[in-house]
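Residues 1 to 245 (our numbering) are what the sequence shown spells out, left to right. Even for Gly, the Cβ is constructed at its ideal location relative to N, Cα and C. Keep in mind it's a predicted model, so treat the numbers as computed, not measured. For reference, the structure discussed in these notes is given below.
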Amino acid sequence: MSGKFRVDTDAASASRDTTGSVSDRIRSRLRAAGKRFHANDNIHEFLETGELDQLQADLETKVRAVLETLVIDIESDHNTQETARRVAKMYVKEIFAGRYVPMPPVTEFPNVSLLNELMIIGPVTVRSACSHHLCPIMGKVWVGVLPNEQSALIGLSKYLRLIDWVMSRPQIQEEAIAQLADLLEEKIQPDGLAIVLEADHFCMQWRGVKDMDSKMTNSIMRGSFLKDSSLRREFLSLMPGNAQN
Ligand SMILES: [Zn+2]
1 MSGKFRVDTD AASASRDTTG SVSDRIRSRL RAAGKRFHAN DNIHEFLETG
51 ELDQLQADLE TKVRAVLETL VIDIESDHNT QETARRVAKM YVKEIFAGRY
101 VPMPPVTEFP NVSLLNELMI IGPVTVRSAC SHHLCPIMGK VWVGVLPNEQ
151 SALIGLSKYL RLIDWVMSRP QIQEEAIAQL ADLLEEKIQP DGLAIVLEAD
201 HFCMQWRGVK DMDSKMTNSI MRGSFLKDSS LRREFLSLMP GNAQN
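Written out as structure tokens, the structure reads:
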């Protein structure tokens, strides 16, 4: 009995806890809710007002420590005096913002014209970073949608915003494309969904094997794209801007 009482109290107080670092407070809320917080998870619901700015300030201190550990004289080197501030802002508000901001609002329209033909969106430029090295991933994505009468339709700019929201997190390409497919399926409820993602991984080009030409391409086919090979072929042959076309 007393054990259970203590657990409940901890969970409740976690959200009000004002001690420890801001990351500690957010982490204890996530743990109390049993919510996963991997690099490519969105944790927006667990942040309170003002905490993103606090995270950024905390991170700035830690990036400064990284520069000091690298024996860079940030006192006299004018090029690096503001680097910690810039990097902290870049991580929290720009390149990893997809972890901390809510999903962009998406207006769904009913499929009044009962469209049931293949639609292709792309190539859309994607920018991300690999979870392993935090090196840039730059690429292109194509999305094929086969709607049915019940599907919701979303505007082109909303595809771009949703793609950016998923990619603005430390990712690995296979998980990024699966997250994107889950999200688009949930929003659109199509008969079929196909996604092709082709990307340069800077951790292969800038370090490691330093292979400038290696690209990684992967695809996800769901619903009618899985069952119907001619639909699959049609999508792949119509992908605009694809090197093979
Ligand atoms: Zn990497």
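About 24 Å separates the Cβ atoms of residue 127 and residue 119, ruling out a contact at the 8 Å cut-off.
In the structure shown, the three-state DSSP call for residue 235 is helix.
Here the stretch 96-105 does not lie against the stretch 213-231, with fewer than 3 beta-carbon pairs under 8 Å apart.
Here residue 206 is exposed, its C-beta having fewer than 16 other C-beta atoms within 10 Å. Here residue 121 has 143 and 159 as same chain residues with Cβ atoms under 6 Å from its own Cβ, once five neighbours each way along the sequence are excluded. Look at residue 201 here: in three-state DSSP terms it is strand. For the pair of segments examined, the stretch 35-44 was found to touch the stretch 168-176: the number of CB pairs separated by less than 8 Å reaches three. Taking a contact as a CB-CB distance under 8 Å, the pair residue 147 and residue 153 counts as one, their CB atoms being some 7 Å apart.
Closest in C-alpha terms to residue 193, from the list 56, 179, 200 and 199, comes 179.
Remark: three or more beta-carbon pairs, one from each stretch, lie closer than 8 Å, so the stretch 83-97 and the stretch 51-61 are flagged as touching.
Taking a C-beta distance under 9 Å as the contact criterion, residue 209 and residue 236 do not qualify as a contact pair. About 6 Å separates the beta carbon of residue 74 from that of residue 81, a gap short enough to meet the 8 Å contact definition. The residue from 203, 212 and 184 with its alpha-carbon nearest to that of residue 221 is 184.
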